[in-house]
Every structure is written in structure tokens, then in C-alpha cells.
Amino acid sequence: WLYRAIYPGNPWLTPGAVNFLSSHLKPGFSGLEYGSGRSTTWFASQVGHLTSMEHNPEWFNRVSTEIARRGITNISYVHQPKPDNSLSLDEVRTSAYVTDVADVQKDSLDFVLIDGVVRPACALHSIPLLRKGGLLIIDDANHYLPSSSSAPNSRSIEEGPLNTEWQEVERQIHGWESIWFGNGIKETAIFKKPLV
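Heads up: the sequence shown begins at 1 in this note's numbering, then just goes up one per residue.
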């Protein structure tokens, strides 16, 4: 909470991840985020265009108000409801929340932030959208992917990914460069899509 109080404009990612992204994002970049908030206006101030997906209508209205108050025009902000819990994995992966980013083309994004609902489905949908060298950012990654993190509720290397969906994410990003940033409570992992 202290970091958030000192840096009220920064996203609620780990401080190391914010510092890394501050030095790697460029004004011409295009990105996508699943799960909006402080990160939405922060990313918009760093890059050329951001597409942001939000499932919560109250939060969507709150962030929309902040975007308008600041006069930010480089965000395509989309609201779609959270996929129903009764849906099959395939239905979740093709739900509007995951796929309603029609203006985003394959190999076009410089980064994707996974910080909303149905995270593995969003990650799997996003991987083909990333250009070579693009960044896949997964907040709270230690809850889903194996790591050596000592943060609470972390998945150990021996435990492996949380479920079959996360196993598929891990399989698809196997061999990507990665860097993990922790703060003792959580981890933000950043994976770089290979150049070849």
C-alpha cells in the first residue's frame, strides 16, 4: 500500500515490473490489456494506442470517467461481461470478453497485460496477436505458473502450472525469455516473444 500511496499514478503491478516497462515501452507501441484500472491511463501515457477490456460494469464506468476527465484519446475501451462459469473451456476461449478486440490484428501488438478474469484464455488468445519481440505481462503469475517465488500462494516448480489451461500457456511460451518481478506478496512476470 505504501508504494501505491507514493506513486498513485502507477499501475498495481510490482514496482520492478513498472520500472522495467517504463524503460521499455515506446510512444509508437500498441498494446492490449485485460483488466483495467490505474494501468489503463498509465499505459496510455506511455504508448501510441491501447485496447483495454473490462468485465465489471461499475469499474468500466469509473475508469471511463477517469479517461474522459483526463482527455485521453488513444484508448479503445471495451466492456464485455465475464464469461459464465457454466461455459466449457472452448466457449470461454471464444467468449466476447476474450475475443472482442476486433481492431487488433495478428502479430501487431507490442505488449499484452493479463490482469483480468479468465486469464489463461486471454493469454492463449493474445499470444498470436503479439509481434516478434512483444511482451506478454502476467500479473500474479506466481499463482498460476511454477516459479521459485516465496510469495504466498506461489506454485512451486514441482507443482507445475495451476491447471490444464495454464499448462497450455506454459507450453506455448516455453523458451521465451522471461523476467519475474516480486515484492514479497506477488509476482509480475514478463515474457518476450522470440524474434525468430
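We put the CB at the ideal spot given by N, CA and C, even for glycine.
This structure is a prediction, so every number in the text was calculated from the model and none was measured.
- Arg-131 and Lys-193 have their alpha carbons spaced roughly 7 Å apart.
- Around the beta carbon of Val-18, 16 or more other beta carbons sit within 10 angstroms, so the residue counts as buried.
- Per DSSP, Glu-58 lies in no beta strand (DSSP E) segment; the continuous alpha helix (DSSP H) that holds it begins and ends at 57-70.
- Sorting Gln-46, Gly-35, Thr-51 by C-alpha distance to the C-alpha of Gln-105 places Thr-51 at the top.
- Here Trp-166 carries a helix assignment [DSSP, helix/strand/coil].
- In the DSSP assignment, Phe-181 falls outside any alpha helix (DSSP H) and lies within the beta strand (DSSP E) extending over 177-182.
- Contact between the stretch 160-173 and the stretch 112-121 is established, with three or more Cβ pairs separated by less than 8 Å.
- The alpha-carbon of Ser-30 is positioned some 10 Å away from that of Gly-134.
- Segment contact: the stretch 107-114 against the stretch 83-94, fewer than three CB-CB distances shorter than 8 Å; contact not assigned.
- Leaving aside the five residues that flank Gly-184 on each side, the residues in its chain whose CB is nearer than 7 Å to its CB run, in chain order, Ala-151.
- Ile-138 is not a Cβ neighbour of Phe-20, given a cutoff of 8 Å.
- In the DSSP assignment, Asp-139 falls within the unbroken beta strand (DSSP E) covering 130-139.
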